[in-house]
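With my numbering, the residue at position 3 of the sequence shown is 311, and numbering never jumps. All C-beta atoms in this analysis are idealised placements derived from N, C-alpha and C, irrespective of residue type, glycine included.
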Amino acid sequence: MSEQKWDLTITPKDKLLAVDWKEIWRYRDMFILFVLRAFRVAYKQTILGPLWFLITPILSVIVYVAVFGGIAGIETDGVPPILFYLLGISVWGYFASCVSATSNSFVSNADIFGKVYFPRIIMPLVAVTTNLLSFAIQLAIFAAFYIYYAATGTELFIHWQIVLFPLLVAILAFMAVGFGMIFSSLTTKYRDLQIMLAKIISLWVYITPIIYPMSMVTNPKLHLLMYLNPVTPVVEAIRYSLLGQGQFSWLWLGYSVFCTSILLVFGLMLFNKVQKSFMDTV
């Protein structure tokens, strides 16, 4: 019986845009373990555990309905406020969580990276997958309220663009990964960028139609400025396809895809460049 050789040579990638999908597939078991670990760590030593996936969006919706709907008097263009805010919170929450988790890929996993080898890009993919599962739970809550309102006679309009929903979510995910990888690469050396990113995300939500419909933005210049935010066309398309309120524009969706591609390419280049030596600076 011939001897089997198990030698493995690990060499840095020369191409900044290189992604070894075969290698990622070989480490799929580790990928699954990291996803499970993320769930366990998030709700370790908590009383309610995964129920926080349900409680958090419901509490947020109650506050939004009371403050923005009741006190501020912001209209939701005929859509039940609970559905309007719940969908917006779920979509924005998924995007913001992916950005935050991806931006911490290097810093939060430095101990693991220093002990064992695996494709570093697995960690951004873990962030997207973990948050996708929580997003699915929140969408289930949205579906329950949607069925309730439909059953009680509320007119809700679903457009054929709903078939594009997975694609729209994918655009958000890749946009978040690209943006997050840029900050993940930079924060290995400049830690104050983590604080800066938190501020950006907290302000970003206000220039995205989450707590108000775009119909409220009547100033043409401000309307254009908000659509230059690449998240806006995607949020509007999702809201239009599920609730019949909002705007679906192929032109602006193409703009979002273009911005996503730029962020992904630039983020991947920085990520591959930094991962060669980040253990020396982290």
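Could you work out which residue in the options is closest to residue i when comparing CA atoms only?
{"i": "Leu536", "options": "Leu505, Thr568 and Leu550", "result": "Thr568"}
{"i": "Ile332", "options": "Ala545, Val434 and Phe473", "result": "Val434"}
{"i": "Val375", "options": "Gly386, Ile390, Leu362 and Gly552", "result": "Ile390"}
{"i": "Tyr393", "options": "Thr438, Gly377 and Trp512", "result": "Gly377"}
{"i": "Tyr520", "options": "Tyr335, Tyr457 and Ile397", "result": "Ile397"}
{"i": "Pro432", "options": "Thr410, Pro365, Ala459 and Ile503", "result": "Thr410"}
{"i": "Val424", "options": "Met338, Gln555, Phe574 and His531", "result": "Met338"}
{"i": "Gly461", "options": "Pro388, Ile363, Tyr563 and Ile546", "result": "Pro388"}
{"i": "Asn439", "options": "Tyr402, Asp419 and Ile420", "result": "Tyr402"}
{"i": "Gly575", "options": "Ala404, Ile379 and Ala484", "result": "Ala484"}
{"i": "Ile382", "options": "Val343, Ser523 and His467", "result": "Ser523"}
{"i": "Gly556", "options": "His467, Tyr372 and Val343", "result": "The amino acid at residue 556 is misidentified as Gly; the sequence shows Phe. Of the candidates His467, Tyr372 and Val343, the one whose C-alpha sits nearest the C-alpha of Phe556 is His467."}
{"i": "Ala545", "options": "Thr437, Gln502 and Leu480", "result": "Leu480"}
{"i": "Phe579", "options": "Thr496, Ala404 and Ile509", "result": "Thr496"}
{"i": "Arg499", "options": "Ile515, Asn412 and Leu359", "result": "Asn412"}
Can you tell me whether residue i is buried or exposed? The criterion is at least 16 other CB atoms within 10 Å of its CB, across all chains shown.
{"i": "Leu561", "result": "buried"}
{"i": "Val582", "result": "buried"}
{"i": "Ile570", "result": "exposed"}
{"i": "Trp400", "result": "buried"}
{"i": "Ser416", "result": "exposed"}
{"i": "Pro474", "result": "exposed"}
{"i": "Lys330", "result": "exposed"}
{"i": "Met309", "result": "Bear in mind that the predicted position of Met309 carries a pLDDT of just 48, short of 50, making it unreliable; the figure below should be weighed with that in mind. Answer is exposed; the Cβ neighbour count stays below 16."}
{"i": "Val573", "result": "exposed"}
{"i": "Ile518", "result": "buried"}
{"i": "Ile379", "result": "exposed"}
{"i": "Ile370", "result": "exposed"}
{"i": "Tyr372", "result": "buried"}
Are the beta-carbon atoms belonging to residue i and residue j less than 8 Å from one another?
{"i": "Val565", "j": "Leu476", "result": "no"}
{"i": "Ser549", "j": "Gln469", "result": "yes"}
{"i": "Phe347", "j": "Val407", "result": "no"}
{"i": "Tyr335", "j": "Phe482", "result": "no"}
{"i": "Ile455", "j": "Pro365", "result": "no"}
{"i": "Leu551", "j": "Leu464", "result": "yes"}
{"i": "Phe491", "j": "Leu511", "result": "no"}
{"i": "Leu395", "j": "Arg547", "result": "yes"}
{"i": "Pro528", "j": "Tyr563", "result": "no"}
{"i": "Ile508", "j": "Ala404", "result": "no"}
{"i": "Gln502", "j": "Gly386", "result": "no"}
Specify, as a first and last residue, the run of the alpha helix (DSSP H) that residue i falls within.
{"i": "Met524", "result": "Element bounds for Met524: n/a, residue is neither H nor E."}
{"i": "Ser549", "result": "Val539 to Leu551"}
{"i": "Lys507", "result": "Asp500 to Trp512"}
{"i": "Glu331", "result": "Trp329 to Arg334"}
{"i": "Pro474", "result": "Phe473 to Thr495"}
{"i": "Asn439", "result": "Ile430 to Ala459"}
{"i": "Phe556", "result": "Looking at the DSSP string, Phe556 is not in any alpha helix (DSSP H), and its letter there is neither H nor E."}
{"i": "Thr364", "result": "Trp360 to Tyr372"}
{"i": "Ser413", "result": "Note, Ser413: premise wrong, no alpha helix (DSSP H); not H, not E."}
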